[in-house]
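Beneath this line is the structure, given in structure tokens, with notes to follow.
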Amino acid sequence: MRLDEAERRLETNPNQNMFLYEWLGENLEAKYLDKYDYIILDCRPDFGIATRNAIAVSHTLFSSITPSDFAFEAKENLEIRLEQYRKTEIVRPSRDSLITAQLYFLPNMIKHNTMKSKELLIALKNDASVIGQIPQKELFNRATKNDTVIDMMTKFSLNDEHRSFFSILSDTLNQLQKVTDNS
Ligand SMILES: Nc1ncnc2c1ncn2[C@@H]1O[C@H](COP(=O)(O)OP(=O)(O)OP(=O)(O)O)[C@@H](O)[C@H]1O
Ligand SMILES: [Mg+2]
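Residues 653 to 835 (this note's numbering) are what the sequence shown spells out, left to right.
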């Protein structure tokens, strides 16, 4: 399926944001989707129709935050847009929002030796919406579909060579799983 075409078709649909929500409700069992513990929807970093549909069916949102001058602006922007979105999809008469997803930020491409990374981590230290961190690591550029960083983690020699990286990564993944399980 071409996502851009699907989005274009939904542009004139009055229920454009909740299309996937309703489809899932109708097809969850027929498509055997209820056998999965988790469903991960990888989105573009935008707030378009496809992303709004993904948010509507999600319990947890993870947005990466990378060290840069615009990191806080991007974080705040997403927080504001999500709160606005919550207000647009409500059920009456209770006015409860259908958009119940919890938003978390995941610091990514963290370098241990740069001011920008250090400043970012310090500024986010007491922010409960920030989960773990993923270091900047060359292994990501070596990864392929058949040999992902998670596959590499299971190989003893690689794991041993990059022990502190894999330790931070697995700690972060455990934290992601924990907040997901609790939401
Ligand atoms: N922690 C990291 N350390 C090193 N490289 C990274 C890290 N995170 C991401 N990258 C690199 O940045 C590039 C983009 O990463 P990724 O595909 O996750 O981003 P994206 O925004 O989802 O892009 P896409 O448009 O492909 O979906 C990749 O080449 C990846 O190897
Ligand atoms: Mg991507």
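Every residue gets a Cβ at the ideal spot worked out from N, C-alpha and C, and that includes glycine. All values reported here derive from a predicted model rather than from experimental measurement.
Environment of S710 [buried if 16+ CB atoms lie within 10 Å]: buried
Counted within 10 angstroms of its Cβ, other Cβ atoms place N669 as buried (16 or more) or exposed: buried
Range of the contiguous alpha helix (DSSP H) that encloses Y673: 671 to 679
M804, DSSP secondary structure in three states: helix
K789 Cβ short of 7 Å to ligand 1 heavy atom set: yes
Residues that DSSP places opposite T752 in a beta bridge: T752 is not bridged to any residue.
Buried/exposed call for P787, threshold 16 Cβ in 10 Å: buried
Cβ-based burial, F817 [other Cβ within 10 Å; buried from 16]: buried
Q785 classed as buried or exposed, judged by whether at least 16 other C-beta atoms fall within 10 angstroms: buried
Cβ shell of L693 (< 8 Å), same chain only, five flanking positions each side left out: A706, V709, S710
Which listed residue (R733, A780, R738) has its alpha carbon closest to that of D748: R738
Bridge-paired residues (DSSP) for V782: F757
Proximity test, I786 beta-carbon vs ligand 1 heavy atom, cut-off 7 Å: yes
E659 versus E741 - alpha carbon distance: 18 Å
Distance cut-off 7 Å: M761 Cβ against heavy atoms of ligand 3: Annotation note on ligand 3: not contained in the displayed structure, which lists ligand 1 and ligand 2 as its ligands.
CA-to-CA distance, N679 to N665, given in whole angstroms: 20 Å
Local Cβ density within 10 Å of A775, reported as buried at 16 or more and exposed below that: exposed
Local Cβ density within 10 Å of A702, reported as buried at 16 or more and exposed below that: buried
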